[in-house]
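Just so you know, the sequence shown maps onto residues 691 to 995 in the working numbering. Below is one structure; the comments refer to it alone.
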Amino acid sequence: MTGTETVHRYRAFSLEIESQLPLPELKGSSAAPEIAIRFGSILKPEDSPESDRCVSANADEVHLFWKRAGSFLIRGGTEMVIQPVADAEEALLRTGILGPGFATLLQQRGHLVLHASSVVIGGKAVAFVGWKGQGKSTMAATLFARGHTLVTDDLLALNGQNKEPVLAHPGFPQFKLWPDSAESSLGVAPESLPRLMAGYEKRVRLIKEGFATEPTPLSAIYVLTTGTELAAHRLSPGETFKQIVSNTFCARYGSRVFEGKMGTDHLQSVARVAGQVPVFRLERPSSLAQLNSLADFVVQHATGL
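So this is what it looks like as structure tokens:
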């Protein structure tokens, strides 16, 4: 796959984007771009990566690598260069751009980026974090189906340092759900939804209405855990800080992403959010049959904050 002179313009995360690769998940825009995504050559590192990871990072750029997709070089919070491997699937490239690529770029711009889904309840955003499989997207989709506006699914960008209040920036209007979750949360037949990529069971649901258009104040973060009964317990300041750090999106790609000034800025952002936004451990049964009861509980709890 090679580059093209054709460019496409979009808006996501409160930024204007220009991309050589079509990104149909994003909302179109005609405004002047702040971010450029293009194909190009990336200098091969001395230690060729054997697994998906951050290859290198410094104050200006981060080099990420995926065996099935290729190399992604993110520079200065304004540019993303992509060098695909041979026969890379376009859907996989888009997943790399819209997930780790944008997470890194937003972090370079001073945002705190969480692996989280978020909706608006009572005029304020709430976020859901947790280990893989805990149901972040399912929880957001269930609340969306009840009329709550979607802020983002999977990647949450919070405004950077020294700004109040903490704002949740709208990502893009899409859910990524496993088949049983799509049916339980949105009431749609999973076979009617496209797969995220070939050979992958997770499905994609694009939405046309009910998506946030402006940043929304963040009122709470819920850490999803399994329990026997519905309960929300506010975490201590130390545990709050720890949970925000552990649910940072880029953490999965190793410590190199957080070296130098980027790491210092990141910890300052974590401390600011931890000092302003309450974090709760949300315990609930893991059964999808309990989704409606869980949604009722979350709405009542969040409304009372």
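Here a beta-carbon is modelled for each residue, glycine too, at the ideal position from N, C-alpha and C. Every value quoted in this text rests on a predicted model; they were computed, and no experiment measured them.
Over what stretch of residues does the alpha helix (DSSP H) that includes residue i continue unbroken?
i: R784; result: 780-786
i: R799; result: Run containing R799: none; DSSP gives neither H nor E here.
i: P860; result: P860 -> no alpha helix (DSSP H), and no H or E assigned at all.
i: G950; result: 950-966
i: Q933; result: 927-936
i: A847; result: Here A847 belongs to no alpha helix (DSSP H); instead the beta strand (DSSP E) covers 846-848.
i: F834; result: 826-835
Taking C-alpha atoms, which residue in the options lies nearest to residue i?
i: S909; options: S871, S936, S808; result: S808
i: G997; options: M770, A979, F703; result: With the chain covering only 691 through 995, there is no way to say anything about residue 997.
i: L866; options: E881, R885, A858; result: Inspection of the sequence shows that residue 866 is occupied by Lys rather than by Leu. Of the listed residues, the one whose Cα sits closest to K866 is R885.
i: A817; options: A835, L840, Q798, H923; result: L840
i: A992; options: P863, R971, S746; result: R971
i: Q990; options: K898, Q933, G812, A964; result: G812
i: T974; options: Y700, R765, H753, T915; result: The residue you asked about is not Thr; residue 974 is Arg in the sequence shown. The option with the nearest alpha carbon to R974 is T915.
i: V819; options: S936, A964, V697, V960; result: S936
i: R893; options: V775, W868, T906; result: W868
i: A806; options: G800, R799, P790; result: P790
i: H838; options: G953, G917, V810, A815; result: V810
i: I725; options: E899, F792, I911; result: F792
i: V969; options: C940, L846, E854, P927; result: P927
i: V988; options: H923, Q958, Q864; result: H923
Quick check on residue i: buried or exposed, where buried means 16 or more other Cβ atoms within 10 Å of its Cβ?
i: L705; result: buried
i: L883; result: buried
i: A702; result: buried
i: Q797; result: buried
i: T832; result: buried
i: Y700; result: buried
i: K822; result: exposed
i: G766; result: exposed
i: N982; result: exposed
i: S827; result: buried
i: D986; result: exposed
i: L804; result: buried
i: P774; result: buried
i: L754; result: buried
i: L653; result: Outside the shown range of the chain, which is 691 to 995, sits residue 653, and nothing can be said about it.
i: S977; result: exposed
i: Y890; result: exposed
i: V960; result: buried
i: L733; result: exposed
i: N849; result: buried
i: T674; result: Look at the range of the chain in this structure, 691 to 995, and you will see that residue 674 is not part of it.
For the ligand NAP, is there any heavy atom lying closer than 6 Å to the beta carbon of residue i?
i: P907; result: Judged by which ligands are present, the structure shown has none, so any question about the ligand NAP falls away.
Can you tell me where the beta strand (DSSP E) holding residue i begins and where it ends?
i: V894; result: 893-896
i: F901; result: Run containing F901: none; DSSP gives neither H nor E here.
i: A922; result: 921-924
Checking the sheet assignment: what are the DSSP bridge partners for residue i?
i: P869; result: None, per the DSSP bridge assignment.
i: S977; result: Bridge partners of S977: none, in fact.
i: H753; result: S746, L763
i: R728; result: V771
i: A702; result: L705
i: P907; result: L857
i: S808; result: A817, T842
i: Y912; result: F818, F970
i: R885; result: R893
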